[in-house]
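As numbered in numbering that gives the first Met the number 0, residues 0 to 180 make up the sequence shown, in order.
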Amino acid sequence: MDIFNIQLLTQNWIDDEPDEGMDYCSHGKVLIRINEIILSGVNSPEWTVASSALRLMKSAIYGYDSKNELELIPHCGYLREFPSCPNYVTWDTEINDDVIVVSNIQTERNDESGLKRITGSYKINLKQYQEQVLHFADKVKGFYSSNIPRKFYNEFDEEEFDLFWKEFNEYYQTLHEKNAQ
0 MDIFNIQLLT QNWIDDEPDE GMDYCSHGKV LIRINEIILS GVNSPEWTVA
50 SSALRLMKSA IYGYDSKNEL ELIPHCGYLR EFPSCPNYVT WDTEINDDVI
100 VVSNIQTERN DESGLKRITG SYKINLKQYQ EQVLHFADKV KGFYSSNIPR
150 KFYNEFDEEE FDLFWKEFNE YYQTLHEKNA Q
């Protein structure tokens with residue numbers, strides 16, 4: 000089995016500004032490693048980690064097709080529905096019994112030549128992947144719980160935020176149940 004590691008290293012509101020309740024997406028540094036390949040680390044940009052947690056949970060439960068889904072680890076964007084700028088990390092996942100196959104990996108580069116594509120596929124223990132994704136989601140959930148409630152500019156933002164957390168909590172509960180088996 001290949002080794003997968005994802006850790007939320009830092010988490011903050013955009014640009015690490017004091018929390019006034021107006022930012023809906025938490026951001027932070029993320030370590031992502033498959034075997035010896037570092038897809039993101041301390042020198043990478045900050046990612047929109049709230050959206051990442053949601054999408055990672057989906058990848059751990061149902062699989063993920065990067066051609067038809069938003070990027071897994073977006074640099075920017077808005078919670079559920081909007082794509083990132085050209086900087087992101089994403090991959091496909093396919094669940095086969097107790098193995099999750101990660102393939103079609105795409106990650107940002109530090110130059111202007113576009114996304115770096117990593118060929119091949121990696122077989123990872125499904126439970127290991129799910130546990131790490133759940134730990135990542137725990138940190139996101141805890142961060143929101145420990146901050147002041149969000150203030151909304153308009154009805155759309157509030158509805159989107161509520162839908163995000165409804166979906167987040169559904170995936171979170173499902174992943175907890177799968178992890179307990």
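Don't be surprised by glycine CBs; every beta carbon is placed ideally from N, CA and C.
Every value quoted in this text rests on a predicted model; they were computed, and no experiment measured them.
Nearest in C-alpha terms to Cys75, of all of Cys84, Asn67, Gly141, is Cys84. Residues of the same chain with a CB within less than 6 Å of the CB of Lys138, apart from the 5 flanking positions on each side, are Leu7 in chain order. Secondary structure of Arg149 (DSSP, three-state): coil. Under a 10 Å Cβ-count criterion, Thr118 is classified as exposed, with fewer than 16 other Cβ atoms of the shown protein chains found around its own Cβ. Beta-bridge analysis with DSSP links Gln6 to Leu30. Remark: three or more beta-carbon pairs, one from each stretch, lie closer than 8 Å, so the segment 83-98 and the segment 51-64 are flagged as touching.
Between the segment 156-175 and the segment 125-143, the count of C-beta pairs closer than 8 Å reaches three or more; the two stretches touch. Looking at the DSSP output, Ser102 sits in a beta bridge with Asp91, Ser120.
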